[in-house]
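S.K.: Here the protein sequences come in this chain order: F and C. In our numbering, each number is its position in the first sequence, counted from 1, plus 146. In our numbering, each number is its position in the second sequence, counted from 1, plus 146.
2 protein chains.
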Amino acid sequence: MSLVQLESFVAVAEEAHVGRAARRLHVSQPPLTRRIRGLEDDLGTPLFERTPRGMRLLPSGQRLLPRARAILDAIEAARTAVHDPPALNDDS
Amino acid sequence: MSLVQLESFVAVAEEAHVGRAARRLHVSQPPLTRRIRGLEDDLGTPLFERTPRGMRLLPSGQRLLPRARAILDAIEAARTAVHDPPALNDDS
DNA sequence: GGCCCCGATACCGATTTGGTATTGGACGGA
DNA sequence: TCCGTCCAATACCAAATCGGTATCGGGGCC
């Protein structure tokens with residue numbers, strides 16, 4: 147599992163469409179398809195149902211989605227925290 | 147930033163020693179040195195002080211450490227959640 | 001001054017990754 | 001029913017990434 151895979155998963159889940167998600171992520175469609183497939187392989191379970199219209203989240207994917215978002219948010223928070231020392235307490 | 151980098155960072159922070167951390171992670175020392183360097187480059191700030199005895203966390207690294215651990219834990223939790231459907235509620 | 005322990009770097013081969021082109025399947029309209 | 005369209009999946013190749021071995025450079029410590 148990688149952060150790139152999680153980011154890709156969230157984008158595809160939100161767009162319900164690999165092509166649109168690819169445009170949003172500034173990559174072409176095939177690598178994005180492979181990222182999703184790689185994530186499913188890593189987890190050992192499918193996350194989406196492939197329909198003729200696009201991608202629909204399976205229950206497993208629905209369970210992953212909020213956690214994936216939380217992880218990506220935590221990454222951003224960590225990035226910020228490294229740079230922002232907490233405000234000094236007057237007592238310290 | 148990648149999960150591999152975060153995992154490497156936590157190991158080096160805990161061991162205070164690139165060589166020991168490398169053994170623990172089952173990689174050789176040079177790639178681990180590069181992962182740490184890559185993370186520092188990505189964040190734009192050093193995380194460790196290099197001493198003749200090993201590595202010591204800088205304040206920036208101290209701020210990152212608990213967050214890195216939390217992220218790695220969240221990854222494991224997500225992995226588990228995908229496989230474990232929540233117990234059915236009798237009311238549902 | 002010589003030895004030892006540490007992380008950093010050079011170099012090379014292997015793996016991974018991305019892009020273009022193409023395929024195959026499912027709809028929808030004429 | 002056949003053709004055009006839209007979707008994800010795959011084949012293929014080039015570029016980038018990554019890991020390992022060998023080596024370097026700097027500090028301590030006899």
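We put the beta carbon where it would ideally sit given N, CA and C, even for glycine.
(1) Ordered along the chain, which non-local residues of its own chain (more than five positions away) have a Cβ less than 8 angstroms from that of residue 154/F?
(2) Taking contact to mean at least 3 C-beta pairs separated by less than 8 angstroms, is the region 215–224 of chain C in contact with the region 186–198 of chain C?
(3) Taking only three categories from DSSP, how would you classify residue 213/C?
(4) Using a C-beta to C-beta distance shorter than 8 angstroms, which residues of chain C count as neighbours of residue 206/F?
(5) Would residue 215/C pass as an interface residue toward chain F - the criterion being a Cβ-Cβ separation below 8 angstroms?
(6) Here's the rule: buried if 16 or more other CB atoms are within 10 angstroms of the residue's CB, otherwise exposed. What is residue 174/F?
(7) Can you grab the Cα-Cα spacing for the pair residue 149/F / residue 148/C, in whole Å?
(8) Starting from the beta carbon of residue 223/C, find every residue of chain F whose beta carbon is closer than 8 angstroms, and list them in chain order.
(9) Name, please, each residue of chain F whose Cβ falls closer than 8 angstroms to the Cβ of residue 149/C.
(10) Taking 6 angstroms as the limit between beta carbons, can you name the residues of its chain near residue 188/C, skipping five residues before and five after?
(11) Tell me where the alpha helix (DSSP H) around residue 189/C begins and ends.
M.R.: Taking the structure as given:
(1) 167, 171, 178, 181, 182 and 185
(2) no
(3) DSSP places residue 213/C within a helical segment (H, G or I) once states are collapsed to three.
(4) 228 and 229
(5) Look at residue 215/C: its C-beta is not under 8 angstroms from any C-beta on chain F.
(6) exposed
(7) 6 angstroms
(8) 213
(9) Going along chain F in sequence order, the residues near residue 149/C (Cβ under 8 angstroms) are 147, 148 and 149.
(10) Once the five neighbours on either side are set aside, the close Cβ partners of residue 188/C are 147.
(11) 175–189
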